[in-house]
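Chemist: Quick one: this structure, given as structure tokens, is what I'll be asking you about.
Chains as they are written, first to last, in this note's numbering: chain A, 1 to 362; chain B, 1001 to 1128.
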């Protein structure tokens, strides 16, 4: 099992650890709901060093990335980052990722932990000879600072006001003599930042954030936060078995342009798909879980991919792949959670929406 | 209830006598393992259970599980407070976080269960 550079810090803090994506990761410190609520009401930090980071160099890097990813790397301006996918020829999702444009011919691609090796091999085998790709996951650490108080915390940390930075933009700063990349982004549905620092500086940075009053939060809260915000998780909502069309993520696909999988997803958009990802809510606190079956009467109409009690909402929510037929006029349905069925109904998956009066957000 | 006076199962339930009635709950060890409890499905009063049968369902943010009857009996009362505020089970598992009360428990059935000392040994390393 791999360790992030912050592993010993988590153990020292008494975190409950568990395997995730090949790493021994903190699931919770004081408790999932307390950490979830702190993220919604003030600010928390997450060790996200487990996520993969690849840097791309070379005059053909933008060409290669525009062919290998669903984003248009040429159109991405320096100082911006954008969400997209790595697809197979048949449209199956190899991974979801965020691409940062660091310079004219320099990019950083951030991928999931469990898919990092697979992604790297896939991309390297298909890049052009002139493009250099390096896996810098071990040398460049990552920390997410999330919550409504995160702009003030980042200002305190960097000694620079970053509140004017807009969402999916990033800046380059210096912290204690080393370069730092800070993007306004995250995976919680809150305002927040993702910080990249050389690995040898991540423990002092973590301690500095603790001094600034930031509480640590684990992967348990990260999961309930992203679920309330309607954000998919690779391995649950996204996999090689589905394309972005089944996943309802067409808005992240380029209309034009040739990238691997483009033809397959355009065909699917034209002909339609049999199942689609949908959000659901449950009238009570009982949760449906990954793998539970959805029923309309005796008819199997779908499969749950994620489900949890929503701490901010006070009721249980989730994602499920549902028959497109059923979604045309969605009514109430039932989910078999084991010994019984519980009542559910289709809902917009963005169950939680933060108030957006902060200056930096659009 | 005083933890040292209770009897314990390998599935981390406790049972203790309160006059003619027996109170059932989950242990402090169990609530810590579960993490934040978000849902409890209580048994209906009047329903009878054999020892080892599923008495109630308990869920935390991460997992769902059963609470098994530590001994046979009939449900005299269920704790409606934990249905409304499941976090009580985390806060006070031997007190306000009790699950249900059973009548008609045959006290010799409890001889098979662990004492507090035995349970402490069990949770400190006897577990697989």
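Even glycine gets a Cβ: it sits at the ideal position worked out from N, Cα and C.
State yes or no: is the beta carbon of residue 1123 of chain B nearer than 8 Å to at least one beta carbon in chain A?
Modeler: Stepping through the second chain from its first residue, residue 1123 of chain B is reached at position 123. So, not an interface residue.
Chemist: Just the Cα atoms here: how many angstroms apart are residue 1042 of chain B and residue 110 of chain A?
Modeler: On the second chain, position 42 is the one that residue 1042 of chain B refers to. On the first chain, position 110 is the one that residue 110 of chain A refers to. Taking the straight line joining both Cα atoms gives about 45 Å.
Chemist: Taking the alpha helix (DSSP H) that residue 155 of chain A falls in, what are its first and last residues?
Modeler: The residue given as residue 155 of chain A occupies position 155 in the first chain. Looking at the DSSP string, the run of the alpha helix (DSSP H) that includes residue 155 of chain A is 150-158.
Chemist: Can you check which of these residues, A:93, A:217, A:223 and A:79, is closest to residue 43 of chain A by C-alpha distance?
Modeler: One-based indexing of the first chain puts residue 43 of chain A at position 43. Of the candidates A:93, A:217, A:223 and A:79, the one whose C-alpha sits nearest the C-alpha of residue 43 of chain A is A:217.
Chemist: Just how far apart, CA to CA, sit residue 1113 of chain B and residue 1033 of chain B?
Modeler: Numbered from 1 along the second chain, position 113 holds the residue referred to as residue 1113 of chain B. Numbered from 1 along the second chain, position 33 holds the residue referred to as residue 1033 of chain B. Those two C-alpha atoms are separated by around 21 Å.
Chemist: So with Cβ pairs under 8 Å, would you call residue 358 of chain A a contact of chain B?
Modeler: The residue you call residue 358 of chain A lines up with position 358 of the first chain. The pLDDT assigned to residue 358 of chain A is 49, lower than 50, so where the model puts this residue is not dependable; a value taken from the coordinates is nonetheless given after this. With a threshold of 8 Å between beta carbons, residue 358 of chain A makes no contact with chain B.
Chemist: If you measure from the beta carbon of residue 293 of chain A to each beta carbon in chain B, is any gap under 8 Å?
Modeler: Counting from one through the first chain, the residue named residue 293 of chain A turns up at place 293. Output row for residue 293 of chain A: interface = no.
Chemist: If we cut at 8 Å on Cβ distances, does residue 1012 of chain B have a partner in chain A?
Modeler: Position 12 of the second chain, counted from the first residue, corresponds to residue 1012 of chain B. Chain A, which has no Cβ nearer than 8 Å to the Cβ of residue 1012 of chain B, makes this no.
Chemist: Is the separation between the beta-carbon of residue 33 of chain A and that of residue 1036 of chain B shorter than 8 Å?
Modeler: The residue given as residue 33 of chain A occupies position 33 in the first chain. The residue given as residue 1036 of chain B occupies position 36 in the second chain. Yes, they are a contact pair.
Chemist: Could you give the distance in angstroms between the alpha-carbon of residue 283 of chain A and the alpha-carbon of residue 94 of chain A?
Modeler: Locating residue 283 of chain A in the first chain gives position 283, where the first residue counts as 1. Locating residue 94 of chain A in the first chain gives position 94, where the first residue counts as 1. Rounded to the nearest angstrom, the two C-alpha atoms are 34 Å apart.
Chemist: Could you name the residues of the same chain whose beta carbon sits closer than 8 Å to that of residue 79 of chain A, not counting the 5 residues immediately before and after it, in chain order?
Modeler: Within the first chain, the letter at position 79 stands for residue 79 of chain A. Taken in chain order, the residues that qualify are 101, 169, 170 and 171.
Chemist: Any idea if residue 132 of chain A is buried or exposed, counting beta-carbon neighbours within 10 angstroms, 16 or more meaning buried?
Modeler: If you number the first chain from 1, residue 132 of chain A lands on position 132. Result: exposed.
Chemist: With distances taken from CA atoms, which of A:320, A:233 and A:9 is nearest residue 51 of chain A?
Modeler: Residue numbering aside, residue 51 of chain A sits at position 51 when the first chain is read from its first letter. Here the closest residue by C-alpha is A:233.
Chemist: Counting pairs of beta carbons, one from the stretch 70-84 of chain A and one from the stretch 22-31 of chain A, are three or more of them closer than 8 Å?
Modeler: no
Chemist: As an exercise, report each continuous beta strand (DSSP E) stretch of at least 3 residues that is fully enclosed by the stretch 300-345 of chain A, in chain order.
Modeler: 315-323 and 332-336
Chemist: Between the Cα of residue 1007 of chain B and those of B:1062, B:1084, B:1124 and B:1119, spot the shortest distance and give me the residue it belongs to.
Modeler: Here residue 1007 of chain B refers to the residue found at position 7 of the second chain. Of the candidates B:1062, B:1084, B:1124 and B:1119, the one whose C-alpha sits nearest the C-alpha of residue 1007 of chain B is B:1119.
Chemist: Helix, strand or coil for residue 269 of chain A? Go by DSSP, reduced to three states.
Modeler: The residue you call residue 269 of chain A lines up with position 269 of the first chain. Note: residue 269 of chain A maps to helix in three-state DSSP.
Chemist: Do residue 257 of chain A and residue 63 of chain A count as a contact pair if the criterion is CB distance below 8 Å?
Modeler: Taking the first residue of the first chain as position 1, residue 63 of chain A is located at position 63. Taking the first residue of the first chain as position 1, residue 257 of chain A is located at position 257. Against a cut-off of 8 Å, the Cβ pair of residue 257 of chain A and residue 63 of chain A comes out as no contact.
Chemist: Check this for me: beta carbons of residue 1082 of chain B and residue 1022 of chain B, under 8 Å apart or not?
Modeler: Numbered from 1 along the second chain, position 82 holds the residue referred to as residue 1082 of chain B. Numbered from 1 along the second chain, position 22 holds the residue referred to as residue 1022 of chain B. No, the pair does not count as a contact, with Cβ atoms beyond the cut-off.
Chemist: Could you confirm whether any beta carbon from chain B is found closer than 8 Å to the beta carbon of residue 312 of chain A?
Modeler: In the first chain, the residue the question calls residue 312 of chain A occupies position 312. No, residue 312 of chain A lies away from the interface with chain B (no Cβ there is under 8 Å from its Cβ).
Chemist: Please confirm whether residue 1036 of chain B has its beta-carbon closer than 8 Å to some beta-carbon of chain A.
Modeler: In the second chain, counting from the first residue as 1, residue 1036 of chain B sits at position 36. For residue 1036 of chain B, a Cβ of chain A is located within less than 8 Å of the residue's own Cβ.
Chemist: What residues in the stretch 209-220 of chain A bring their beta carbon closer than 7 Å to a beta carbon of chain B?
Modeler: 220
Chemist: Assuming residue 69 of chain A contacts residue 56 of chain A under a Cβ cut-off of 8 Å, what Cβ separation, rounded to an integer in Å, is found between them?
Modeler: Here residue 69 of chain A corresponds to residue number 69 of the first chain, with the count starting at 1. Here residue 56 of chain A corresponds to residue number 56 of the first chain, with the count starting at 1. The Cβ separation is near 10 Å, so there is no contact.
Chemist: Output yes or no for whether 8 Å exceeds the beta carbon distance between residue 1065 of chain B and residue 1001 of chain B.
Modeler: Reading the second chain from its first residue, position 65 is the one you call residue 1065 of chain B. Reading the second chain from its first residue, position 1 is the one you call residue 1001 of chain B. Against a cut-off of 8 Å, the Cβ pair of residue 1001 of chain B and residue 1065 of chain B comes out as no contact.
Chemist: Please list the residues of the stretch 1049-1065 of chain B that have a C-beta atom closer than 9 Å to any C-beta atom in chain A, keeping them in chain order.
Modeler: 1054, 1057, 1059, 1060, 1061, 1062, 1063 and 1064
Chemist: So, helix, strand or coil for residue 57 of chain A, using DSSP?
Modeler: Counting from 1 along the first chain, the entry for residue 57 of chain A is found at position 57. Looking at residue 57 of chain A - three-state DSSP - the assignment turns out to be strand.
Chemist: Under 8 Å, do residue 326 of chain A and residue 301 of chain A count as touching if we go by C-beta distance?
Modeler: Here the question's residue 326 of chain A lines up with position 326 in the first chain. Here the question's residue 301 of chain A lines up with position 301 in the first chain. It is a contact, given that the beta carbons lie within the stated cut-off.
Chemist: Within this structure, are the beta carbons of residue 1093 of chain B and residue 1018 of chain B separated by less than 8 Å?
Modeler: As a position in the second chain, residue 1093 of chain B is number 93, starting the count at 1. As a position in the second chain, residue 1018 of chain B is number 18, starting the count at 1. For the pair residue 1093 of chain B and residue 1018 of chain B, the CB atoms are not nearer than the 8 Å cut-off.
Chemist: Less than 8 Å between the beta carbons of residue 1110 of chain B and residue 1073 of chain B, yes or no?
Modeler: Your numbering for residue 1110 of chain B matches position 110 in the second chain. Your numbering for residue 1073 of chain B matches position 73 in the second chain. It is not a contact, given that the beta carbons lie outside the stated cut-off.
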